[in-house]
Amino acid sequence: MVLYTSPFPNSFLSVLHSFSWGLIFPCYWFADRLVASFVPTTYEKRQRADDPCYFHALCIIITTPIYLALLVASLPFALIGFLLWSPLQSARRPYIYSRLEDKSHANGATLLTEWKAAGNGKSFCFGSANVCLLPDSLARFNNVFNTQARAKEIGQRIRNGASRPQIKIYIDSPTNTSISAASFSSLVSPQGGDSTNRTVNVGIKRTTSMEYKGDNSGSNNSEDSRDDKAGAGEPNEGEENTCIVRINGEDNGHLSDIETDTVNGQANASGPAEQSLEGDTEISKTPNHKQKDGDSGSLDSYSASRESLVKVRVGDGTVDQSTVNNKLLYKASVMKKTSVRKKKHTDETFDHEISAFFPANLDFLCLQEVFDKRAAEKLKEQLHHYFEYIVYDVGVYSCHACCSFKFVNSGLLFASRYPVMDAAYHCYPNGKGTDSLASKGALFLKVQVGSTPQDQRIVGYISCTHLQAIAGDTTVRCEQLDMLQDWLSEFRKSTSSSSTANPEELVAFDVICGDLNFDNCSSEDKLEQQHSLFTHYKDPCRIGPGEDKPWAIGTLLDPEGLYDDEVCTPDNLQKVLESEEGRKGYLVYPTSKNHNSSQKGRKSSLKGNGRRIDYMLYTEEGLYLEWKVEVEEFSFITQLAGLTDHLPVAMRLMVSTGEDDP
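First residue of the sequence shown? That's 1 in UniProt numbering, and the numbers climb one at a time after it.
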């Protein structure tokens, strides 16, 4: 299957389309600004609180006639442009595939070689978020604004979080079985090869900033960093920037307060810890993505501002230099003490957390509501600093097949660190109301994630979708779920090049991500909760129809509270969502037939921990029979606080292949 790198099959149609859109855009922009001036957000209202009451009214009185006059003047040109633009959409391709042109930063081919070295398995991290990048006038109805600036900031925050060194914590204690999720990017058991690590006594602290610097610009996996990893004899799981910390013993649920500066490959002891931790800690570090010149200390940097990060100081002993990454410089500020919490759900087989940042080593990202084309370009530009492969501008426009007229695309965007082999898009033909104006649908992707020693391709399938949003349209959503399953089955059959007798490809995973616009607790969503999709695909947050796991929280934020001081930063929102009272104040909760209370101040009649409408599902069906897929970690992410009314979610899957590759 050919991947479309341009929206039209030839340059003539592309030029004609650009010309027609150039005629339409002034009218579109003036109409957008005119409506936006009458829909203020709560943030703007607070900013104007100290201004005289007549000042804003005076601004509207002055600008409204100007916008109206310019809008009327641009209408004839927009009409001509529309007559050219509309028929061109029949020749438009359903998506644009973008690959990073700077080969010095490209590392997709390098990642494919990691599967052979991984030996007994490899983990993959998936993320999904609804980013609400609508035209500014429409975004304001969700209490967010300045779409272009938000798109750039969203991209920066995602790549900042994903490009951090990954911290893995393993606690060997009879009493303390969990680490505070506020402090660590990934909580998983250490893999093989721990014997290469030196044992030292350390403490761990929570920080709110980190600066990561490389010696020069380069790819995510430079030759130097790979040589360092090979020389250190570190275990290779396919994760090139990992710090594994093993903690033994107990200390009444608290970790000691110590610091560490890791500079130029040395761990310098700086005195004894304030409180010694009983037991030993093992540390191993491997290199992370290198940073571009000029990135440090700015919004374009990889520094994780307003995020909780981890530092370690060596209290006693030294660390073998071969196990310390000589490319990193950690700078920490605003140190806070981190405590170990009792794990409430000890029967859970994987780690779960509310995190202030996206997981380190994020491999795949599925976004919804990237409707604005200019915002999509800005977002793509930022994401390309981390993801080599991006599929964006997904959907159809104008009248297409049996669908009604579409004014905007599907809003879906997919980013990957691994090469995309095939892609397909289908539009839901049954959209109703305002949803019918957008080409909502499903994007299906096939990615190559490695190869076996026998040169068999190892592939994975990822589906990204966004269902009907209008409350009460349960039948429409169920029909869309039916179509999603049918289209996915067809996509897998059409893109498979294997036979049972002679498999050329081995399927490692099959994941569905997206905003499904129903939750698992609302009484109005019973039909969706019982859909057959959940018999084939597993939801890590779900016990059964109508019941979520106790640790699962809602992903839909109350728009009115987006700019409250308590939740306007990633750290603050994280702290609020960790408490039941905080969730009641700032999450939208499941509805019931006898629901009459207001959003704020509800205490006892709430069901669940909020409306969880953003899903990540996986299946064990249709995969290579000798492999096993397990959830390693699930996260609710607050890094986009103040930028969208949804909480992103992330899931890390471990594909276990056994001792030997097939």
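C-beta: ideal position from N, C-alpha, C; glycine also.
Sub-9 Å separation of residue 573 and residue 356 beta-carbons: Between residue 573 and residue 356, the CB-CB gap stays under 9 Å.
Looking at the structure shown, is residue 657 part of a helix, part of a strand, or coil, going by DSSP? Looking at residue 657 - three-state DSSP - the assignment turns out to be coil, as it is neither helix nor strand.
DSSP three-state call for residue 99: helix, strand or coil? Looking at residue 99 - three-state DSSP - the assignment turns out to be strand.
Among 466, 376, 112, which residue has its Cα nearest to the Cα of residue 453? Closest by alpha carbon: 112.
In terms of alpha-carbon separation, which member of 448, 390, 39 lies closest to residue 99? With distances taken between Cα atoms, residue 99 lies closest to 390.
Going straight from the alpha carbon of residue 291 to that of residue 420, what length do you get? Low per-residue confidence applies at residue 291: pLDDT is 37, beneath 50, and the placement is therefore not dependable enough to give any value.
DSSP state of residue 67 mapped onto helix, strand, coil: Residue 67 falls in the helix class under three-state DSSP.
Could you check where the alpha helix (DSSP H) with residue 572 kicks off and where it finishes? Start and end: 570-577.
C-alpha gap between residue 643 and residue 377, whole angstroms: Distance between the alpha carbons of residue 643 and residue 377 is about 17 Å.
Check whether chain B comes within 9 Å of residue 449, counting only Cβ atoms and requiring the distance to be less than that. Of the protein chains in the structure, only one exists, and it is not chain B.
Straight-line Cα distance separating residue 62 from residue 24: Rounded to whole angstroms, residue 24 to residue 62 spans 25 Å at the Cα level.
Looking at the structure shown, is residue 399 part of a helix, part of a strand, or coil, going by DSSP? Coil.
Give me the DSSP bridge partner(s) of residue 424. Its beta-bridge partners are 444.
Taking the alpha carbon of residue 408 as the reference point, which residue from 414, 381, 441 has its own alpha carbon closest? Minimum Cα distance to residue 408 is reached at 441.
Using a Cβ-Cβ cutoff of less than 8 Å, which residues in the same chain neighbour residue 484 once the five nearest sequence positions on both sides are dropped? Residues of the same chain with a CB within less than 8 Å of the CB of residue 484, apart from the 5 flanking positions on each side, are 442, 463, 465, 512, 533 in chain order.
Do you know offhand how far residue 81's Cα is from residue 369's? So the two alpha carbons sit approximately 25 Å from each other.
In terms of residue numbering, what span does the alpha helix (DSSP H) encompassing residue 484 cover? Taken as a continuous stretch (DSSP letters only), the alpha helix (DSSP H) holding residue 484 covers 474-495.
Within the continuous beta strand (DSSP E) that includes residue 612, where are the two ends? No beta strand (DSSP E) contains residue 612, which DSSP labels as neither H nor E.
Residue 95 and residue 392 - do their beta-carbons sit closer together than 9 Å? When the beta-carbon positions are compared, residue 392 and residue 95 come within less than 9 Å of each other.
Mapping DSSP to helix, strand and coil, what is residue 553? Annotated three-state conformation of residue 553 is coil, per DSSP.
Put residue 161 into one of helix, strand or coil per three-state DSSP. The answer is helix: DSSP assigns residue 161 an H, G or I state.
Three or more C-beta pairs closer than 8 Å, one from the stretch 469-481 and one from the stretch 515-531: is that the case here? Yes, since at least three Cβ pairs between the stretch 469-481 and the stretch 515-531 fall closer than 8 Å, the two stretches touch.
The alpha helix (DSSP H) that contains residue 588, what's its start and end? That residue, residue 588, is in no alpha helix (DSSP H); it is neither H nor E in DSSP.
Inter-residue Cα distance where the pair is residue 581 and residue 587: When rounded, the distance between both Cα atoms is 10 Å.
Would you decide whether residue 380 is buried or exposed? Buried here means 16 or more other CB atoms lie within 10 Å of its CB. Its Cβ being crowded by 16 or more others within 10 Å, residue 380 is buried.
Less than 9 Å separating the beta-carbons of residue 425 and residue 446? Against a cut-off of 9 Å, the Cβ pair of residue 446 and residue 425 comes out as no contact.
Hey, how far is the Cα of residue 650 from the Cα of residue 636? Straight-line Cα distance between these residues: approximately 7 Å.
Is the Cβ-Cβ distance between residue 126 and residue 39 less than 9 Å? Against a cut-off of 9 Å, the Cβ pair of residue 39 and residue 126 comes out as no contact.
Name, in chain order, the residues that DSSP records as bridge partners for residue 352. In the DSSP output, where bridge partners are listed per residue, residue 352 has 634.
Assigned exposure category for residue 458 - 16 Cβ within 10 Å defines buried: Label assigned to residue 458: buried.
Keeping to the same chain, check which residues put their C-beta closer than 7 Å to that of residue 504; ignore five residues upstream and five downstream. Here the set comprises 456, 457, 497, 498.
For residue 55, count neighbouring C-beta atoms within 10 Å of its own C-beta (all shown protein chains included) and say buried if the count is 16 or more, exposed if not. Residue 55 counts as exposed, since fewer than 16 other beta carbons sit within 10 angstroms of its beta carbon.
Nearest to residue 10 by alpha carbon, out of 36, 59, 35, 88? The residue with the shortest Cα to Cα distance from residue 10 is 88.
How is residue 363 classed by DSSP in three states: helix, strand or coil? Coil at residue 363, not helix or strand.
Using the rule of at least 16 other Cβ atoms within 10 Å of the residue's Cβ for burial, across every protein chain shown, is residue 51 buried or exposed? Its Cβ having fewer than 16 others within 10 Å, residue 51 is exposed.
Near residue 2, which residues of its chain fall below 7 Å by C-beta distance, leaving aside the five closest residues on each side in sequence? Hits under 7 Å: none found.
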